[in-house]
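Taking it in order: structure first as structure tokens, then the write-up.
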Amino acid sequence: MTTAGAPNCLIVTGMPGAGKSTVTRLVAERLPRSARLDGDELNRMIVSGFVWALGEPADEAARQVELLHRNLCALANNFADAGFTALIDAVIPSREKLDFFLDLLTPRQVLFVVLTPGIEVCQYRNTIRDPRERFDFDGYRDSFAVHRASARW
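Just remember that this note's numbering sits 22 ahead of the position in the sequence shown, which is counted from 1.
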């Protein structure tokens, strides 16, 4: 991968367990100046009061998802301003959420990548994670359909 024409920001999305962290880490290692921004790691900065994206109360979960997305974009902008390619690893479940990211990252060049390895792969990858990193998620079928469709956004 060369830096000529490289985007200021690369967003990698996919359902939980798709390989977003692995892909962003591998790409970041190949760029001369890069910063990897992992949504899960950023969420862990909340020490008390964290609500998972699909958790309850739903309004607080939505507020925290928006906070996460704003923080990811703020960091991406700061790194891009300093000459780094920002690689964002996050679940982006709708075109509306992608547009939110793109609005906050304007006028940067953004490359959007969707990983869709299949439901079985994601489920297996979850079982081999460190127990602290595993997640309880039974929305694979809906999530897979959304992420497959997002390749056409």
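Each residue gets a CB set at the ideal place from its N, CA and C atoms; glycine is no exception. Everything numeric in this text was worked out from a predicted model, so none of it was measured.
For the beta strand (DSSP E) that contains residue i, what are its first and last residues?
i      : result
ILE33  : 31-36
VAL132 : 132-137
ARG58  : 56-60
Is DSSP giving residue i helix, strand or coil here?
i      : result
SER43  : helix
ASP152 : coil
LEU76  : coil
LEU48  : helix
Return the first residue and the last residue of the alpha helix (DSSP H) that residue i is part of.
i      : result
LEU109 : Counting along the chain, LEU109 falls outside any alpha helix (DSSP H), though it belongs to the beta strand (DSSP E) covering 107-111.
ARG92  : 80-103
ILE68  : Where ILE68 is concerned, there is no enclosing alpha helix (DSSP H), given that its DSSP letter is neither H nor E.
ILE141 : 141-149
LEU124 : 117-127
Quick one: Cα of residue i to Cα of residue j, how far?
i      : j      : result
VAL73  : PRO129 : 31 Å
ARG16  : LEU76  : Since the first residue of the chain shown is 23 and the last is 175, residue 16 is not available in this structure.
ASN99  : VAL45  : 21 Å
ARG85  : GLU63  : 17 Å
GLY39  : ARG147 : 6 Å
THR138 : LYS42  : 10 Å
THR149 : VAL143 : 10 Å
THR35  : ASN65  : 16 Å
ASP60  : PRO79  : 24 Å
Does the ligand ZN have a heavy atom nearer than 7 Å to the CB of residue i?
i     : result
SER56 : The ligand ZN is not part of this structure, which contains no ligands at all.
Practice item. Would you check if there are 3 or more beta carbon pairs closer than 8 Å linking the region 106-125 to the region 29-36? Key: Cβ pair count under 8 Å is three or more, so yes.
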